[in-house]
Each structure stands twice: as structure tokens, then as C-alpha cells.
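S.K.: Take the sequence shown: its position 59, counted from the start at 1, is 59 in full-length UniProt numbering, and no numbers get skipped.
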Amino acid sequence: MIRCLIIVEGRVQGVGFRYFAQSNAIKYALTGFARNLNNGMVEIQVQGLEENIAKFLSIIKEGNRFIRVDDYSLKKISLIEDENKFKVSY
1 MIRCLIIVEG RVQGVGFRYF AQSNAIKYAL TGFARNLNNG MVEIQVQGLE
51 ENIAKFLSII KEGNRFIRVD DYSLKKISLI EDENKFKVSY
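1) At which residue ranges does the segment 34-67 contain complete alpha helix (DSSP H) runs of 4 or more residues, listed in the order of the chain?
2) Ile6 and Ile44 look like a contact to me (Cβ under 8 Å); what is the Cβ gap, rounded to whole Å?
3) Looking only at its own chain, which residues have a Cβ that is under 6 Å from the Cβ of Arg35, when we skip the five neighbours before and after it?
4) What separation, rounded to the nearest whole angstrom, lies between the Cα atoms of Lys75 and Asn64?
5) Among residues of its own chain, excluding the 5 on either side of Arg68, which ones have a beta-carbon nearer than 6 Å to its beta-carbon?
6) Take Asp70 and list the residues in its own chain whose beta-carbon comes closer than 6 Å to its own, dropping the five residues that flank it on each side.
7) Could you name the residues of the same chain whose beta carbon sits closer than 8 Å to that of Ala29, not counting the 5 residues immediately before and after it, in chain order?
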């Protein structure tokens, strides 16, 4: 089990990206959150099995017809105990 901080840039605000991330996090049994940043990027913290996070990341990097991911950074961070869902934060 690991937790990652992912900062995503591109066309990721105002296009449903946080909900796209949430639906894929749920699909792969991941917990955490996604929130918009003031600089136009999105912060995602995601926790779960490393292979599931890899699958999640490969899907969100592709985006969809509305979402375009130009770049992202990923850093492993400390686990959060007793977290039980993935939330969209505002």
C-alpha cells in the first residue's frame, strides 16, 4: 500500500477532470482526493495498491475528449490511516 501526490497540468479545470479521476479511483479501489489549485493545475492524492495506482495513472494521463493532460509530477508521501473513499474537494 502506498500514497502518491500527483500534480496534473493541462486542460484539467472546468472539464470534469476531478470527477474523471474519482470514477477511476473508485474503479481501482483507491482512496484520496482531487482538488483544483489556484494555478490551473489539479492536485490528486491517491492511496492503494501500487499496481492499481499505476493503472489509475495510465488512464488519467490519457484523459478524454474534454480533458488534456500535458504533464504531471508524482511523489510518494505518507499513508493516511482509516481513509475509506476518494473525494472531490472544492
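The beta-carbon is built from N, C-alpha and C at its ideal position, and this holds for glycine as well.
M.R.: Working from what's here:
1) Entirely contained in the segment 34-67, the alpha helix (DSSP H) runs reaching 4 residues are, in chain order, 50-62.
2) Approximately 4 Å separates the beta-carbon atoms of Ile6 and Ile44; this is inside 8 Å, confirming the contact.
3) Within the same chain, Arg35 has close Cβ partners Glu43, Ser89.
4) Inter-residue distance for Lys75 and Asn64 is about 24 Å (C-alpha atoms, whole angstroms).
5) For Arg68, where only same-chain residues beyond five positions count, the Cβ hits under 6 Å are Gly10, Arg11.
6) Within the same chain, and ignoring the five residues on either side of Asp70 in sequence, the residues whose Cβ sits closer than 6 Å to its Cβ are Glu9, Gly10.
7) The residues are Gly48, Leu49, Asn52.
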